[in-house]
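Please read the structure below before turning to the comments.
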Amino acid sequence: IGIRLAIGAHEKHILIQFLVEATVLSLLGGIIGILIGLALAAIASVALIIPFAPSPAVILLAVGFSALIGMVFGFFPALRGARLDPIDALRHE
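Take the position in the sequence shown, starting the count at 1, then add 49; the result is the number in our numbering.
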């Protein structure tokens, strides 16, 4: 952060970078969780002899919700990082 601020990056660009990173990480976690959940549900359906019919709408909702969570909970840390003084940021890197 400090180096980017020192060479002239705007707060907006740093904020966007952090938000994108938080959203991507949250999406990856959500997708991995969905895949594990689908695998466990398929195994359970075979063991319990019940039909397994995952809903595409529910899967899309879960992916969207994980992206939203990443954006919401990544906003304030991103804002704080974007507002850092370049000298302070470099001192702590």
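We put the CB at the ideal spot given by N, CA and C, even for glycine.
I need the straight-line Cα distance from residue i to residue j, nearest angstrom please.
i: Ala55; j: Arg129; result: 16 angstroms
i: Leu109; j: His62; result: 29 angstroms
i: Ser75; j: Leu97; result: 32 angstroms
i: Ile136; j: Phe125; result: 21 angstroms
i: Ile65; j: Ile118; result: 16 angstroms
Check for me: the alpha helix (DSSP H) holding residue i runs from which residue to which?
i: Phe122; result: 105 to 131
i: Gly57; result: Counting along the chain, Gly57 falls outside any alpha helix (DSSP H), and DSSP gives it neither H nor E.
If you reduce the DSSP assignment to three classes, tell me which class residue i lands in.
i: Pro135; result: helix
i: Ile98; result: coil
i: Gly82; result: helix
i: Ile50; result: coil
Take residue i as the anchor and find which of the options has the nearest alpha-carbon.
i: Pro100; options: Leu87, Leu109, Ala106; result: Leu87
i: Phe114; options: Glu60, Pro103, Leu77; result: Leu77
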